[in-house]
Amino acid sequence: MDNQSSPNGTKRDFLKYALSGGILAWLAAIFYPILAYLNPPKVTGAQVTSVKVGKIGDFENDSGTIFRFGNQPGILIKTKDGEFKAFSATCTHLDCTVQYRQDMGLIWCACHNGRYDLSGRNIAGPPPRPLEAYNVIIKNDEILVTKS
Amino acid sequence: MNRLYQWFDERVSLSAFIEFIKHKEVPKHRHSVWYYFGGVTLFLFIVQVFSGILLLFYYRPGADTAFESIKFLMTKVQFGWLIRSIHSWSANLMILAAFIHMFSVYLTKAYRKPREITWITGMLLFFMALAFGFSGYLLPWNELAFFATKVGTDIAGSVPLIGKPLLVLLRGGDNVTGATLSRFFGFHVALFPAIFTVLLGIHLFLVQIQGMSTPLNPKEDKKYDSMPFFPNFVLRDLLLWLIVLNILAVLAVFFPWELGVKADLFASAPAGISPEWYFLFMFQVLKMLPSHVWFIEGEVLGIVLFGIAGALWTVVPFLDKKSSRGQQSRFFTYVGIFAIIFIIVFTIVGWLAS
Numbered sequence: 043m044d045n046q047s048s049p050n051g052t053k054r055d056f057l058k059y060a061l062s063g064g065i066l067a068w069l070a071a072i073f074y075p076i077l078a079y080l081n082p083p084k085v086t087g088a089q090v091t092s093v094k095v096g097k098i099g100d101f102e103n104d105s106g107t108i109f110r111f112g113n114q115p116g117i118l119i120k121t122k123d124g125e126f127k128a129f130s131a132t133c134t135h136l137d138c139t140v141q142y143r144q145d146m147g148l149i150w151c152a153c154h155n156g157r158y159d160l161s162g163r164n165i166a167g168p169p170p171r172p173l174e175a176y177n178v179i180i181k182n183d184e185i186l187v188t189k190s
Numbered sequence: 015m016n017r018l019y020q021w022f023d024e025r026v027s028l029s030a031f032i033e034f035i036k037h038k039e040v041p042k043h044r045h046s047v048w049y050y051f052g053g054v055t056l057f058l059f060i061v062q063v064f065s066g067i068l069l070l071f072y073y074r075p076g077a078d079t080a081f082e083s084i085k086f087l088m089t090k091v092q093f094g095w096l097i098r099s100i101h102s103w104s105a106n107l108m109i110l111a112a113f114i115h116m117f118s119v120y121l122t123k124a125y126r127k128p129r130e131i132t133w134i135t136g137m138l139l140f141f142m143a144l145a146f147g148f149s150g151y152l153l154p155w156n157e158l159a160f161f162a163t164k165v166g167t168d169i170a171g172s173v174p175l176i177g178k179p180l181l182v183l184l185r186g187g188d189n190v191t192g193a194t195l196s197r198f199f200g201f202h203v204a205l206f207p208a209i210f211t212v213l214l215g216i217h218l219f220l221v222q223i224q225g226m227s228t229p230l231n232p233k234e235d236k237k238y239d240s241m242p243f244f245p246n247f248v249l250r251d252l253l254l255w256l257i258v259l260n261i262l263a264v265l266a267v268f269f270p271w272e273l274g275v276k277a278d279l280f281a282s283a284p285a286g287i288s289p290e291w292y293f294l295f296m297f298q299v300l301k302m303l304p305s306h307v308w309f310i311e312g313e314v315l316g317i318v319l320f321g322i323a324g325a326l327w328t329v330v331p332f333l334d335k336k337s338s339r340g341q342q343s344r345f346f347t348y349v350g351i352f353a354i355i356f357i358i359v360f361t362i363v364g365w366l367a368s
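Those protein sequence lines, which keep their order, are chains W and C. Here the first sequence is numbered in this note's numbering, starting from 43 and rising by one per residue. Here the second sequence is numbered in this note's numbering, starting from 15 and rising by one per residue.
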């Protein structure tokens with residue numbers, strides 16, 4: 043009954059909503075595929091949880107080596123005492139790859155002078171978090187790095 | 015010749031254009047010299063377009079081909095080293111000219127009413143120029159470029175809310191890989207030039223219809239002397255372009271741009287790594303910020319502050335109401351001088367540190 047009192051108003055409202063809804067749907071139909079297209083598909087590689095890095099004899103005391111852990115760089119450090127430690131080599135500040143500095147006895151990032159001690163703790167410079175630590179397992183002279 | 019002119023005139027009204035050029039005047043005063051820097055920036059952009067097209071004939075994007083193709087270009091192709099060197103040097107000079115142009119417009123308050131849109135399009139062009147620099151830097155796929163892109167896109171990734179999707183959008187994945195290179199190539203040679211050309215068209219159109227701004231001079235409402243745009247100003251402009259071209263040639267020949275070492279996704283960032291000079295002041299500030307300020311990560315704080323500063327700088331015509339009314343606005347002059355000193359000081363500190 044109310045509809046009859048202002049038929050033009052409701053008709054106009056209906057047209058307004060239908061039209062603006064239609065335009066929105068039309069815009070979404072254009073932009074959604076574009077945005078979805080720009081979002082790259084997840085490449086489902088096998089999830090790497092452990093990697094063989096080499097033999098004990100390959101590494102000198104007081105040295106650091108970058109190795110591949112899946113598609114990420116890791117760093118294996120052999121301390122002065124011959125102890126092995128492994129971390130993610132991706133600096134927690136802005137994603138650069140860190141390195142071992144013999145002169146400092148530290149893990150160092152060249153990009154913004156970030157420093158980590160040999161437990162991976164961020165001790166100076168801008169890094170906000172410690173490096174992710176990996177487990178080092180030595181089996182028959184072979185060094186295996188694993189991620190829990 | 016005359017008939018040809020008439021043929022065109024009847025169809026596209028050449029005479030109106032010629033009338034416009036005839037009456038166009040450029041004011042003469044002690045700050046007139048700054049008028050030339052917009053033109054120099056434009057000239058260097060034109061050089062970029064031409065040298066960029068030439069590079070495209072040999073460049074092959076892709077993690078396995080990009081570095082090799084540039085190496086081939088620089089060692090085997092006749093004058094390949096020169097074209098690349100010109101493209102790199104011209105990019106740097108263009109950004110320098112754009113800096114000078116921007117600060118001279120700022121300090122003479124030429125952004126004031128009615129030139130707000132010219133200023134905003136100019137700022138967008140400036141940001142685009144930096145984006146051109148950043149995306150082009152990766153294309154040779156060398157070590158420095160690889161880490162610069164890691165850092166730069168990681169910074170984009172720490173923008174609150176939209177950071178993560180933005181990072182994936184830029185990198186074409188979670189990491190900087192060949193996919194990133196493909197995207198940056200697309201940005202650098204297709205998307206950015208398209209946007210840049212539209213913005214540049216608006217910017218130049220506004221400069222033409224509004225004419226040159228004159229310095230704010232509230233005390234004496236004097237009329238400045240002027241010179242005809244054509245041929246007087248145009249000839250001066252062309253002479254300066256010739257000088258810039260010579261400087262560019264000398265730099266490109268005597269200081270050829272290095273290619274560096276190919277990017278290795280599994281190598282440490284090399285010591286002494288630093289970005290291009292125009293990002294150096296931001297780089298240095300990020301380096302000096304502690305890991306946490308109060309409860310915010312230092313890096314996020316720095317990025318947010320730079321973002322806010324850039325946004326305020328872009329909308330300065332709307333903040334500086336005094337100069338739009340024709341009054342001096344000393345506060346904004348001090349802000350501009352502070353910005354210049356800040357940039358110069360941190361650039362030098364960053365340069366000395368690396």
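Cβ coordinates follow ideal geometry from the N, Cα and C atoms, glycine included. The structure presented is a predicted model; accordingly, all values stated were derived computationally and were not measured.
Contact annotation: the stretch 271 to 287 of chain C touches the stretch 96 to 114 of chain W, with at least three C-beta pairs closer than 8 Å. Distance from the CA atom of C/ILE257 to the CA atom of W/ILE65, rounded to whole angstroms, is 54 Å.
Residue contact with chain W for C/HIS306: present (Cβ-Cβ distance below 8 Å to some residue of chain W).
Its Cα nearest to that of C/ILE351, the residue C/TYR120 stands out among C/ARG74, C/TYR50, C/TYR120.
Contact of C/SER46 with chain W is not assigned, every C-beta pair being separated by 8 Å or more. At a cut-off of 8 Å between C-beta atoms, C/ALA77 does not count as an interface residue with respect to chain W. Spanning the alpha carbons of C/TYR73 and C/PHE199 requires a straight line of approximately 10 Å. DSSP, reduced to helix, strand and coil, places C/PRO41 within a strand of the structure shown.
DSSP, reduced to helix, strand and coil, places C/LYS237 outside both helices and strands of the structure shown, so it counts as coil. For C/THR122 against C/GLN224, the beta-carbon gap comes to about 15 Å, at or over 8 Å, which does not count as contact. At a cut-off of 8 Å between beta carbons, W/ARG54 makes no contact with chain C. Pairing C/VAL359 with C/THR347, the inter-Cα distance amounts to about 18 Å.
Looking only at C/PHE64, C/SER29, C/ILE169, C/VAL63, the smallest Cα-Cα distance to C/PHE320 is reached by C/ILE169.
Of the candidates W/GLN144, W/GLU184, W/ALA67, W/ALA71, the residue whose Cα lies closest to the Cα of W/ASN103 is W/GLN144. At least one C-beta of chain C is nearer than 8 Å to the C-beta of W/ASP137.
Between C/TYR49 and C/MET226, the alpha-carbon positions lie close to 8 Å from each other. Per DSSP, C/LYS301 is one residue of the alpha helix (DSSP H) stretching across 291 to 302. Annotation for W/CYS138: CYS151, CYS153 place their beta carbon closer than 6 Å to its own, counting only its chain and skipping 5 residues before and after.
Within the stretch 181 to 208 of chain C, the residues whose Cβ lies closer than 7 Å to any Cβ of chain W are, in chain order, VAL182, LEU183, GLY186, GLY187, ASN189, ALA193. Against chain W, a Cβ distance below 8 Å from C/ASP168 picks out LEU136, ASP137.
Nearest CB-CB separation between C/GLU157 and chain W: not below the 8 Å threshold. Around C/GLY312, the beta-carbon contacts reaching into chain W at under 8 Å are PRO168, PRO170.
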